[in-house]
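In our numbering, the protein residues as written are 444 to 820.
Here's what the structure looks like:
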């Protein structure tokens with residue numbers, strides 16, 4: 444897509460985001476007795492204390508946005524997905540930076556379950572529930588009815604494609620947690636990165652660009668070459684020539700091997716989450732599967748690695764770090780000032796408080812952000 448068109452689209456999204464925020468502020472009303480009424484992501488009216496001190500969390504990866512907002516010290520209970528971590532395998536930046544989250548008590552026995560008994564024992568001021576749809580709203584209403592604890596529903600939208608919804612929810616949580624200014628800083632940080640990536644992209648006809656493909660994408664487990672991400676932001680924001688766009692879901696899709704061979708990509712990126720897949724994953728397949736040996740990218744050695752960004756939903760900080768690395772490969776002149784490792788740590792430091800690229804890289808075989816020599820695999 445033409446860079447100017449992309450910028451126009453995203454400028455429009457920023458306007459929507461501003462309107463969403465304005466709507467959130469307008470729907471924040473003083474309820475008296477030290478409380479306010481807010482409208483959450485599912486359109487529910489929720490009465491919360493004006494000065495929230497403690498929160499418990501439910502839903503996959505629900506601590507992620509709380510860490511973005513520098514409110515991790517307010518968490519007193521967590522979802523099962525955030526109740527464990529391993530520094531040697533962890534792919535979630537927020538958990539590497541704040542492993543203490545994994546030591547906190549559970550709010551429920553299973554993912555996205557709120558136990559009334561456990562909630563009453565913890566007695567948080569508010570429960571933050573990462574969920575969506577009518578079932579999520581019903582579960583939140585039931586939890587409040589059983590415990591008297593307000594439950595605020597939010598969703599983990601993609602700041603690259605759902606910027607308005609993402610901004611609304613970050614600001615919503617900022618209001619709940621008393622982190623309004625930090626919420627604005629987070630929204631602006633993602634918006635600036637998104638715009639920077641688009642602006643760096645040269646205006647070129649799609650036919651002039653190399654065909655690209657990303658394989659080995661994780662989604663509810665690890666996979667090999669045929670697993671891709673149709674809306675991989677390192678391709679979409681950089682207007683790359685990706686043939687998988689529009690196939691399957693935005694998060695992941697399984698592509699027939701024959702189709703990959705037909706596309707014959709000039710450059711292949713591999714999600715390093717694939718290292719844990721059966722048989723060694725995409726890199727081993729590229730090295731040993733005769734079907735792939737004649738592809739242009741394999742013949743020319745144009746195979747590069749990115750870090751896995753999907754673990755308990757999308758880790759947006761890694762998604763954007765990946766996009767900057769992809770930019771250095773596809774458009775070296777426009778990204779010549781970018782050191783991918785330093786850029787990743789800049790992003791991690793701002794969003795989770797620690798420069799943890801080295802540990803994340805170690806956790807993926809120290810292969811991140813480089814051209815791969817298949818003979819060494």
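Ideal Cβ positions, reconstructed from N, Cα and C, are used throughout, including at glycine.
What are the complete beta strand (DSSP E) segments, minimum 3 residues, inside the segment 685-741? 710-714
Taking only runs of the beta strand (DSSP E) that begin and end inside the segment 542-612, which ones reach a length of at least 3 residues, in chain order? 569-573 and 594-597
Run the CB neighbour count on residue 533, radius 10 Å, all protein chains shown included, and call it buried at 16 or more, exposed below. As a working mapping, residue 533 is identified with position 90 in the chain shown. Buried is the call here.
Within the segment 475-521, note down every full beta strand (DSSP E) run reaching 3 residues or more, in order along the chain. 478-482, 488-492, 498-501 and 518-520
For the 8 Å Cβ check, are there 3 or more pairs between the segment 506-521 and the segment 625-639? Because the criterion of three Cβ pairs below 8 Å is met, the segment 506-521 and the segment 625-639 touch.
So who's on the other strand from residue 660, going by DSSP bridges? Taking the first residue of the chain shown as 1, we reach residue 660 at position 217. Answer is none; residue 660 lacks a bridge partner.
Where DSSP assigns a beta bridge to residue 747, which residues make up the other side? Translated into positions along the chain shown, residue 747 becomes position 304. DSSP output for residue 747 lists 712 and 814 as bridge partner(s).
Considering only their Cβ atoms, is the gap separating residue 791 from residue 799 smaller than 8 Å? Residue mapping note: residue 799 aligns to position 356 of the chain shown, counting from 1. Residue mapping note: residue 791 aligns to position 348 of the chain shown, counting from 1. Yes, the Cβ-Cβ distance between residue 799 and residue 791 is below 8 Å.
Would you call the CB atoms of residue 757 and residue 601 closer than 8 Å? One-based indexing of the chain shown puts residue 757 at position 314. One-based indexing of the chain shown puts residue 601 at position 158. In contact: residue 757 and residue 601 (Cβ atoms closer than 8 Å).
Do you know how far the Cα of residue 484 is from the Cα of residue 576? As a working mapping, residue 576 is identified with position 133 in the chain shown. As a working mapping, residue 484 is identified with position 41 in the chain shown. The alpha-carbon of residue 576 is positioned some 10 Å away from that of residue 484.
So the alpha helix (DSSP H) residue 666 belongs to, where does it begin and stop? For the purposes of this step, residue 666 is identified with residue 223 of the chain shown, where counting begins at 1. Residue 666 -> no alpha helix (DSSP H), and no H or E assigned at all.
In the structure shown, what three-state DSSP assignment does residue 635 receive? Looking up residue 635 in the chain shown gives position 192. Reduced to three states, the DSSP call for residue 635 is helix.
Assigned secondary structure, residue 464 (DSSP; H/G/I helix, E/B strand, else coil): On the chain shown, residue 464 is found 21 positions in, with the first residue counted as 1. Here residue 464 scores only 41 on pLDDT, less than 50, and its place in the model should not be relied on; the value that follows carries that caveat. DSSP places residue 464 in helix when its eight states are reduced to three.
With respect to the alpha helix (DSSP H) encompassing residue 783, which residues constitute its N-terminal and C-terminal limits? Numbered from 1 along the chain shown, position 340 holds the residue referred to as residue 783. Element bounds for residue 783: 783-795.
Euclidean distance between Cα positions of residue 497 and residue 535: Along the chain shown, one-based indexing puts residue 497 at 54. Along the chain shown, one-based indexing puts residue 535 at 92. When rounded, the distance between both Cα atoms is 23 Å.
Per DSSP, which residues does residue 753 bridge with? Please list them. Stepping through the chain shown from its first residue, residue 753 is reached at position 310. Per DSSP, 757.
Measure the alpha-carbon distance for residue 560 versus residue 587 and round it to whole angstroms. Here residue 560 corresponds to residue number 117 of the chain shown, with the count starting at 1. Here residue 587 corresponds to residue number 144 of the chain shown, with the count starting at 1. Between residue 560 and residue 587, the C-alpha separation is close to 12 Å.
Secondary structure at residue 532, three-state DSSP: helix, strand or coil? Within the chain shown, the letter at position 89 stands for residue 532. Of the three classes helix, strand and coil, the one that applies to residue 532 here is coil, per DSSP.
Run through DSSP, which three-state label would residue 855 get? Residue numbering for the chain in the displayed model covers 444 to 820; residue 855 lies beyond these limits and cannot be assessed.
Does the separation of the CB atoms of residue 728 and residue 668 fall below 8 Å? Position 285 of the chain shown holds residue 728. Position 225 of the chain shown holds residue 668. Here residue 728 is near residue 668, since their CB atoms are less than 8 Å apart.
By DSSP, does residue 628 sit in helix, in strand, or in coil? On the chain shown, position 185 is the one that residue 628 refers to. Residue 628 falls in the helix class under three-state DSSP.
Considering only C-alpha positions, which residue in the set 803, 796 and 810 is nearest to residue 629? Reading the chain shown from its first residue, position 186 is the one you call residue 629. The residue from 803, 796 and 810 with its alpha-carbon nearest to that of residue 629 is 796.
Exposed or buried, residue 462, counting other C-beta atoms within 10 Å across all chains shown (16 or more means buried)? Counted from its first residue, the chain shown places residue 462 at position 19. Annotation note: pLDDT 42 at residue 462 (below 50); position unreliable, coordinate value reported separately. Classification for residue 462: exposed.
Opposite residue 473 in the DSSP bridges: which residues? Position 30 of the chain shown, counting from 1, holds the residue named residue 473. In the DSSP output, where bridge partners are listed per residue, residue 473 has 479.
Can you tell which of 694, 473, 789 and 772 has the C-alpha that lies nearest to the C-alpha of residue 632? Against the chain shown, residue 632 aligns to sequence position 189. Selected option, being the one with the closest Cα: 789.
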